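**Student:** Everything in the sequence shown is counted per this note's numbering, starting at 2 for the first residue and increasing by one. All C-beta atoms, glycine included, are put in the ideal place defined by N, C-alpha and C. Here the structure is a predicted model, which means the values were calculated and not measured. Below are the structure tokens for one structure; questions will follow.
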Amino acid sequence: MLATSESFKSFNKSPYRSSKHSTYFNTYDHLFSQYKGKKITFVEVGILGGGSLFMWRDFFGPDARIIGVDLNPNAKKWEKEGFEIFIGSQSDINFWKAFFQAVGPIDILLDDGGHTYEQQIVTAEMVLPNIKDEGLLVVEDTHSSYMKGFGRKKYSFIEYTKHFIDKINYRFGRFEDKNADMKVWSISIYESIVAFRINKPATGLLSEIIDNNGANDNAQDFRDFDSIPDVVNNVFISQLLKIKYFEKMYGFIREVWNSNSTKLKRYFR
Ligand SMILES: C[S@@+](CC[C@H](N)C(=O)[O-])C[C@H]1O[C@@H](n2cnc3c(N)ncnc32)[C@H](O)[C@@H]1O
């Protein structure tokens, strides 16, 4: 797979050093191929030896605006190669404010900076509102969330991502939407990479049940037949459940029965 990867070819063509994990190239191809040859703005946090700037220029093509961000002022030298370089810290809110004022909205940001939780989370919070529809925030080396020396594990980047998953599901109309977040449409998880996709029209759709008005064959809903004891699920009982009092009692039995977690424990090891 690596031999046929377009991003791996660009990586090998780069005249300057870059090191990436071998598993990343298939993910890059999967996430970024749709932008090849397009007039996009691509930002990478973390320049180091400059090799990845050349890799992305080769991969996306000459119409892409390639921007690098680094704390090291020496990285400014890559400007003479036609890249736009911004010097500052990715964990500095004011740096990002000035950055977006200068650059405007972007299509993709790849975070390959310092990998501390603070750097990754502040970057995500500042960058997500400035990504165009169909754009991406891609954070790599997210295995730092399981390693020592990158911050408090309770507030790791992966914990932030899990919290974001809740915020996306909280958009479902029956929950309190104060817990919801409208910045991100979807989150994809790859090995050591998390990708956040932006799509404001899709994110803003109200979650409601829509019926296609097709012919109704009155199929019985078997949703509880494998989770509640058979005694509750015979036809007589299902008629009884149409009465409010029994329906309430059934709700209680369902709650107690489904909260028996011992069967599932083994999947959480
Ligand atoms: C892993 S290297 C980048 C490698 C490069 N993307 C490549 O593929 O060759 C990390 C870079 O992040 C930079 N960096 C570290 N902390 C930073 C911060 N707080 N803000 C911006 N850049 C930072 C370092 O100076 C270093 O150049």
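If you check the beta carbons only, do Tyr-17 and Gly-47 fall under 8 Å apart?
**Tutor:** no
**Student:** Asp-64 to His-144, Cα distance in whole Å?
**Tutor:** Taken atom to atom, the span from the alpha-carbon of Asp-64 to that of His-144 is near 33 Å.
**Student:** With a cut-off of 8 Å on the beta carbons, I'd call Gly-69 and Glu-45 a contact; round off their distance for me.
**Tutor:** About 6 Å; that satisfies the 8 Å criterion.
**Student:** Are at least three pairs of beta-carbons, each pair with one atom in the segment 188-199 and one in the segment 150-165, less than 8 Å apart?
**Tutor:** yes
**Student:** With a threshold of 7 Å, establish whether the CB of Gly-152 neighbours any heavy atom of ligand 1.
**Tutor:** No, the beta carbon of Gly-152 sits no closer than 7 Å to any heavy atom of ligand 1.
**Student:** State yes or no: is the C-beta of Asp-112 nearer than 7 Å to some heavy atom of ligand 1?
**Tutor:** no
**Student:** Please return the same chain residues whose Cβ sits closer than 7 Å to the Cβ of Ser-92, not counting the five positions on each side in sequence.
**Tutor:** Glu-119, Gln-120, Val-123
**Student:** In this structure, how does DSSP classify Asp-30 when only helix, strand and coil are distinguished?
**Tutor:** helix
**Student:** Helix, strand or coil for Thr-24 per DSSP?
**Tutor:** Here DSSP, grouped into helix, strand and coil, assigns Thr-24 to coil.
**Student:** State the Cα-Cα distance for the pair Leu-241 and Glu-256, rounded to the nearest angstrom.
**Tutor:** 18 Å
**Student:** Using CA coordinates, which residue listed in Pro-130, Phe-173, Gly-115, Arg-175 is at the minimum distance from Ser-146?
**Tutor:** Gly-115
**Student:** Taking the beta strand (DSSP E) that Tyr-268 falls in, what are its first and last residues?
**Tutor:** It is not in any beta strand (DSSP E) - Tyr-268 carries neither H nor E in the DSSP assignment.
**Student:** For Phe-9, which of helix, strand or coil comes out of DSSP?
**Tutor:** helix
**Student:** Classify Asp-222 as buried or exposed, calling it buried when 16 or more other Cβ atoms lie within 10 Å of its own Cβ.
**Tutor:** When all chains shown are included, Asp-222 counts as exposed.
**Student:** Give a single yes or no on whether Leu-73 has its beta carbon closer than 7 Å to a heavy atom of ligand 1.
**Tutor:** It is worth fixing the name first, because residue 73 is Asn in this sequence and not Leu. At least one heavy atom of ligand 1 is nearer than 7 Å to the Cβ of Asn-73, so yes.
**Student:** Measure the alpha-carbon distance for Tyr-36 versus Phe-61 and round it to whole angstroms.
**Tutor:** 7 Å
**Student:** Hey, out of Leu-129, Gly-136, Asn-27, whose CA is closest to Thr-42's CA?
**Tutor:** Gly-136
**Student:** On the DSSP bridge assignment, give the partners of Tyr-191 in chain order.
**Tutor:** Bridge partners of Tyr-191: Ile-194.
**Student:** Relative to the C-alpha of His-31, which residue among Asn-95, Val-139, Ala-99, Asp-71 is closest?
**Tutor:** Among Asn-95, Val-139, Ala-99, Asp-71, the Cα nearest to that of His-31 is on Val-139.
**Student:** Is it the case that the Cβ atoms of Arg-175 and Ala-181 are separated by a distance below 8 Å?
**Tutor:** no
**Student:** Could you tell me if the beta carbon of Gln-120 falls within a distance shorter than 7 Å of some heavy atom in ligand 1?
**Tutor:** yes
**Student:** Spatial neighbours of Tyr-29 within its chain, please: C-beta separation below 7 Å, excluding the five flanking residues on both sides.
**Tutor:** Ser-8
**Student:** Could you tell me the distance, in whole angstroms, from the CA atom of Phe-1 to the CA atom of Lys-243?
**Tutor:** Residue 1 lies beyond the residue range present for the chain, which begins at 2 and ends at 270; the question has no answer from this structure.
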